Structures are given as C-alpha cells and as structure tokens.
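Okay, structure first, notes after.
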Amino acid sequence: MKRLFHTGLILMSNENIVVIFPHPDDESFGASGTISKFREEGHPVTYLCGTLGEMGRNMGNPVFANRETLSSFRKKELNEAAKQLDIDVEFLGYRDKTLEFEPRDQVAAHLREKIESLHATIVITHYPGYAVHPDHDALGAAVVAAVQGIEETKRPQVWMHAISNDHASHLGDPDIVYDVRPYWEQKLAAIKAHLSQADGMMSLIENHDQASEQLERLKTERFYKYIFN
Ligand SMILES: [Zn+2]
C-alpha cells in the first residue's frame, strides 16, 4: 500500500476528489460534509464549478446584488466557501442556465481533460435525470460521458447526487450514505458563505426548526455509484 504525505498526515491510500457541479453553492448544499470528511483524511479536493450562477433568482436578503453584479458576488462567495472547506476551485466558464444547450461531446472533452490532469480517483456530480435543474442534469451527463471516454483501468469512480423527490423510488437505496453531522460546522460555514443564496436555509437553521425536512435532509449526503459497462 502506498504511503503518501499530504498536509502533514500519513495516508494509507490516496484519493483525489474532483467535484463537478454547475453552480456556486451546489457543492456546499450537496456535498460539503463529504468534502470535509475527505479533507480531514488528507485527500485533496478540487471543485470544478460550471458557471458563475449569474442567472440565479436570489439577490440576497436584504437585496444587495443585481443581474449585472450577481456573478461577481457569487464568485467571491464560492471562493469564501472554498476557504472554509479548504479546497481548490476552478471555474469552467459556462453560462448559467445554458449548459443543456452546449454540445455534450465538447463539454465532455473539456471535463475529461480536467479530470485526467487532476488525476481524479473519485468524481462527484449530479445524477442526470434526477437532479431537478437542466444545468445539473446536463453537466452530470457530460461527466458520465467524459469518464466513459477514459481507458477503463484509469477511470475514476463517479458518485452521483440525486435530488428529485422521486429518485429513491426509481433508483433504490444509494450506494454511499454519509452521516455528515460530525462535519456540520464546516457545512454550515460553507453554506453561510453563499450570502446571496443561503438566506432561506440560514433562517431555518437559526430558528432551530428541527422539524424541517429540508434541514434534516442536509445531515446526510447520499450518492449513487455509476456502473460503467
Ligand atoms: Zn445548482
């Protein structure tokens, strides 16, 4: 077994985690507990963020952004969340709400190059068809196509985050379930960093609305592993 040094920890095995979602805040709501767990274990994590989320409807509460300034706020917010999570961030440069119209093979080729150059062993993305937003579905599908194109022995695992209410009845139980309560503080700090987007969730949290299903759902993170044939 390889022993590798990373940030002072001795690892018994090495993973390189690459998270690929379209919007600044998808990583914090969907995977920041898992990301924190990997970071605590010393594994490097990179977030490849598809867009700047510039078409988002939330402009802060009280409102502090407008359509022109939203992208620069969201970029800063993601950089702050990344600092909280101790991860690297790269923006892929696509336009918000247009990913479904980008040629999938071109997006896949772009992603494949990134995945290979980062030596990813685990890629975390959305489950296409069960991710409630056309950008989520389109980027998840492009990730699957990208990894499919990599030679079998070098392929990273693909872990997919499903969101839609019907996903469990269609897909069954997820392959990976993490109770992320040990990383709750990191997760909250990351969500909070997305000031323009997180107001609704933060008020649920601050009012200790324990009955809130939405809040309860954040305490576990679940992923389906993609099976390549
Ligand atoms: Zn999103």
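Residue numbers (this note's numbering): 11 to 239. Backbone N, C-alpha and C define an ideal beta-carbon position, used for all residues, glycine too. As the structure is a prediction and not an experimental result, all values here were calculated from the model.
Could you give the DSSP three-state label for residue i: helix, strand or coil?
| i | result |
| --- | --- |
| phenylalanine 238 | coil |
| arginine 77 | coil |
| leucine 214 | helix |
| valine 28 | strand |
| glutamate 223 | helix |
| isoleucine 160 | coil |
| glycine 18 | For glycine 18, the predicted model reports a pLDDT of 47, less than 50, meaning its position is unreliable; a value from the coordinates is still stated below. Coil at glycine 18, not helix or strand. |
| arginine 105 | coil |
| glutamate 51 | coil |
| threonine 135 | strand |
| glutamate 231 | strand |
| valine 117 | helix |
| valine 154 | helix |
| aspartate 209 | helix |
| leucine 95 | helix |
| leucine 62 | coil |
Taking residue i and residue j to be in contact with their CB atoms under 8 Å, please state how far apart those CB atoms are, rounded to whole angstroms.
| i | j | result |
| --- | --- | --- |
| serine 46 | glutamine 196 | 4 Å |
| leucine 128 | threonine 56 | 6 Å |
| tyrosine 137 | alanine 172 | 4 Å |
| lysine 229 | valine 190 | 6 Å |
| threonine 7 | aspartate 145 | Since the first residue shown for the chain is 11 and the last is 239, residue 7 is missing from the structure and cannot be characterised. |
| arginine 114 | glycine 159 | 12 Å between Cβ atoms; not a contact. |
| glycine 63 | arginine 84 | 5 Å |
| serine 206 | methionine 65 | That belief does not hold up - the Cβ atoms of serine 206 and methionine 65 are roughly 13 Å apart, past 8 Å. |
| valine 153 | isoleucine 27 | Not really, about 13 Å apart at Cβ, beyond 8 Å. |
What are the boundary residues of the beta strand (DSSP E) that includes residue i?
| i | result |
| --- | --- |
| glutamate 100 | 98-101 |
| glutamine 167 | 167-171 |
| threonine 56 | 55-59 |
| proline 33 | The amino acid occupying residue 33 in the given sequence is histidine; proline does not appear at that position. First-last for histidine 33: undefined, no H or E at that position. |
| valine 190 | That residue, valine 190, is in no beta strand (DSSP E); it is neither H nor E in DSSP. |
Exposed or buried, which one is residue i when buried takes at least 16 other CB atoms within 10 Å?
| i | result |
| --- | --- |
| serine 81 | buried |
| phenylalanine 233 | buried |
| aspartate 36 | buried |
| valine 142 | exposed |
| threonine 44 | buried |
| aspartate 106 | buried |
| isoleucine 237 | exposed |
| valine 73 | exposed |
| threonine 135 | buried |
| histidine 218 | exposed |
| proline 192 | exposed |
| serine 213 | exposed |
| serine 23 | exposed |
| phenylalanine 111 | exposed |
Provide the residue span of the alpha helix (DSSP H) that contains residue i, from first to last.
| i | result |
| --- | --- |
| valine 4 | Any answer about residue 4 is impossible in this case: the structure gives the chain only from 11 up to 239. |
| alanine 203 | 194-203 |
| serine 179 | 177-181 |
Taking one C-beta from the stretch 76-95 and one from the stretch 199-208 each time, how about it: are there three or more such pairs within less than 8 Å?
yes
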